[in-house]
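Remarks on the structure that follows.
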Amino acid sequence: MNSPTLQAWIDKLHETSRQQSLLGLVTVLAPLGAILAVAAEIGRWWPFGLVVVPILALASAIGPDSHAAFLVIAVVAMHWVVTIDRVDTPWLPVASVCLLVYHAVNALTATFPTGGDVSTATIVEWLWRTMFAAGVTVAVWALVVLLDGRNAAGNGLLTALALAIVSAGAVVLRSGSIDESR
Numbered sequence: 002m003n004s005p006t007l008q009a010w011i012d013k014l015h016e017t018s019r020q021q022s023l024l025g026l027v028t029v030l031a032p033l034g035a036i037l038a039v040a041a042e043i044g045r046w047w048p049f050g051l052v053v054v055p056i057l058a059l060a061s062a063i064g065p066d067s068h069a070a071f072l073v074i075a076v077v078a079m080h081w082v083v084t085i086d087r088v089d090t091p092w093l094p095v096a097s098v099c100l101l102v103y104h105a106v107n108a109l110t111a112t113f114p115t116g117g118d119v120s121t122a123t124i125v126e127w128l129w130r131t132m133f134a135a136g137v138t139v140a141v142w143a144l145v146v147l148l149d150g151r152n153a154a155g156n157g158l159l160t161a162l163a164l165a166i167v168s169a170g171a172v173v174l175r176s177g178s179i180d181e182s183r
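Structure (structure tokens):
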């Protein structure tokens, strides 16, 4: 006989819609992409991560409002920080965007019940917001790489100016997307 928790997970899997299954697949594959980005950077596999991260990601796909999602991000981020001490690697935005996609999809699936579907308009809106955040992530990484390569005096001022410009751009873009009729 299955434990009540295991039986609840099995029941939840049977009730899952096709859309939720596809989103769950993205939830499992996205953090695996981040682990693969780490492996590509350091040139070796992390067997523990290749086992634990997909298991935790599957748990968060089944229960998107659980603490498993936090653990996935924490394990991948900890592995990155411990094994790689570089900001100029192109694998950093790859891993970051994979974790962003994981977080966005997991957060989206937590907003609707098992067996339910999300409207296409909602998915498109989440996709645009995630793409915007991914673009900003890559832009900030490129800025960091550019400024990291410089050893000139005044980097603090340049960094503050660049951050102010990026923040102002984000505010302008965000203000254009707000629906005034709500």
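Each number in our numbering comes from the position in the sequence shown (counting from 1) with 1 added on.
Ideal placement from N, C-alpha and C gives every residue a C-beta, glycine not left out.
Pick from the options that is closest to residue i, judged by C-alpha positions
{"i": "L128", "options": "D118, L148 and A105", "result": "A105"}
{"i": "V95", "options": "G64, T6 and L33", "result": "L33"}
{"i": "F133", "options": "A171, T110 and I124", "result": "A171"}
{"i": "E126", "options": "L109, F113, V137 and I63", "result": "L109"}
{"i": "W142", "options": "T160, T131 and P114", "result": "T160"}
{"i": "A70", "options": "T123, A122 and L101", "result": "L101"}
{"i": "P55", "options": "L26, V173 and A140", "result": "L26"}
{"i": "V88", "options": "A169, L147, S168 and L164", "result": "L147"}
{"i": "I63", "options": "L174, T6 and T84", "result": "T6"}
{"i": "F49", "options": "V73, S97 and A165", "result": "V73"}
{"i": "A135", "options": "L158, G157 and L93", "result": "L93"}
{"i": "S22", "options": "G44, A163, P65 and A9", "result": "P65"}
{"i": "L162", "options": "R175, G44 and V145", "result": "V145"}
{"i": "H68", "options": "Q8, A111, T123 and S18", "result": "A111"}
Classification of residue i by the beta-carbon crowding that lies within 10 angstroms, buried from 16 upward
{"i": "W46", "result": "exposed"}
{"i": "P91", "result": "exposed"}
{"i": "S97", "result": "buried"}
{"i": "T28", "result": "buried"}
{"i": "A58", "result": "buried"}
Handout entry: Complete alpha helix (DSSP H) runs within the region 90–159 (minimum length 4 residues, chain order)
Key = 92–110 and 121–149
Practice task
Please determine if the region 25–41 and the region 77–93 are in contact, where contact requires at least 3 C-beta pairs separated by less than 8 Å.
Solution key: yes
Practice task
Flag this pair as touching only if the region 136–153 and the region 116–128 have three or more C-beta atom pairs under 8 Å; answer yes or no.
Solution key: no
Problem - 4 or more residues per run - each alpha helix (DSSP H) lying fully within the region 30–66 - result: 48–63
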